[in-house]
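Residue numbers (full-length UniProt numbering): 1 to 205.
So this is what it looks like as structure tokens:
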């Protein structure tokens, strides 16, 4: 056996793993986890060449435009990164992209922000559902939720408005540091999650 080969676990079923096996996996997991932000940035970059047919801008341009609007409104880092990544699931989960994006963000951002990303797909139908014979007010089932206004404002100010090919949008590189900062946080840190706290969006610039 080649002594230079990367070590691997002894088991073929997880239930047979030893402490040494799981310590080995933990050593590999740490640097992999540390690379999450860069993988997300790479995924966003891949969206530069893709769009949902019919739109005037690409998926990447939409995320960048939403994040640029959030930043120019003085939004905090959680909102800016969420605006950038809110449609990150479009390529792999077009029917539930909102929930996919929310689960990526949830361990690292405020509870309010994750809820908004999770529900933005439904709230966004306010602008177009009637054209398909559907109820544009379906979001009203969450009318009593503390984050209702935050989600409605997110969609109005940063999402539905961000399909403009002439808007002066900031480049992906300008958001890289913020993405790395958010995903370098300790997952599910109560000081980050701030359960039950609703700040809302900042006043429009």
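Cβ coordinates follow ideal geometry from the N, Cα and C atoms, glycine included.
Taking just the CA atoms, how far does residue j sit from residue i?
{"i": "residue 36", "j": "residue 69", "result": "24 Å"}
{"i": "residue 189", "j": "residue 133", "result": "43 Å"}
{"i": "residue 144", "j": "residue 5", "result": "57 Å"}
{"i": "residue 15", "j": "residue 151", "result": "43 Å"}
{"i": "residue 184", "j": "residue 33", "result": "9 Å"}
{"i": "residue 45", "j": "residue 25", "result": "29 Å"}
{"i": "residue 59", "j": "residue 111", "result": "25 Å"}
{"i": "residue 182", "j": "residue 135", "result": "36 Å"}
{"i": "residue 1", "j": "residue 38", "result": "Low confidence applies here, because residue 1 scores a pLDDT of 41, under 50, leaving its location unreliable and the question unanswered by this model."}
{"i": "residue 140", "j": "residue 105", "result": "25 Å"}
{"i": "residue 128", "j": "residue 156", "result": "13 Å"}
Write down the C-beta distance between residue i and residue j rounded to the nearest angstrom, noting that I regard them as a contact closer than 8 Å.
{"i": "residue 57", "j": "residue 163", "result": "6 Å"}
{"i": "residue 109", "j": "residue 179", "result": "That belief does not hold up - the Cβ atoms of residue 109 and residue 179 are roughly 11 Å apart, past 8 Å."}
{"i": "residue 101", "j": "residue 84", "result": "Wrong, their Cβ atoms sit about 10 Å apart, outside the cutoff."}
{"i": "residue 79", "j": "residue 113", "result": "6 Å"}
{"i": "residue 8", "j": "residue 17", "result": "That belief does not hold up - the Cβ atoms of residue 8 and residue 17 are roughly 12 Å apart, past 8 Å."}
{"i": "residue 86", "j": "residue 120", "result": "6 Å"}
{"i": "residue 205", "j": "residue 73", "result": "5 Å"}
Quick check on this structure: which residue in the options has the alpha carbon closest to the alpha carbon of residue i?
{"i": "residue 118", "options": "140, 132, 25 and 147", "result": "147"}
{"i": "residue 125", "options": "115, 137 and 114", "result": "137"}
{"i": "residue 49", "options": "30, 61, 41 and 151", "result": "61"}
{"i": "residue 71", "options": "171, 104, 151 and 188", "result": "171"}
{"i": "residue 54", "options": "144, 165 and 123", "result": "165"}
{"i": "residue 103", "options": "189, 42 and 115", "result": "115"}
{"i": "residue 203", "options": "22, 149 and 185", "result": "149"}
{"i": "residue 169", "options": "63, 19, 46 and 16", "result": "63"}
{"i": "residue 107", "options": "191, 22 and 13", "result": "191"}
Along the chain, where does the alpha helix (DSSP H) containing residue i start, and where does it finish?
{"i": "residue 174", "result": "173-183"}
{"i": "residue 131", "result": "Careful: residue 131 lies outside any alpha helix (DSSP H) and carries neither H nor E."}
{"i": "residue 77", "result": "77-85"}
{"i": "residue 103", "result": "97-105"}
{"i": "residue 280", "result": "Outside the displayed range of the chain (1 to 205) lies residue 280, so it cannot be described from this structure."}
{"i": "residue 195", "result": "No alpha helix (DSSP H) contains residue 195, which DSSP labels as neither H nor E."}
{"i": "residue 206", "result": "No statement about residue 206 is possible, as the shown extent of the chain runs from 1 to 205 and does not include it."}
{"i": "residue 28", "result": "19-34"}
Do we get a CB-CB distance below 8 Å when we pair residue i with the residues of chain C?
{"i": "residue 185", "result": "Checking the listed chains, one finds no chain C in this structure; it contains a single protein chain."}
Report task. Inspect the CB distances between the stretch 86-98 and the stretch 188-201 and report whether three or more fall short of 8 Å. Result -> no
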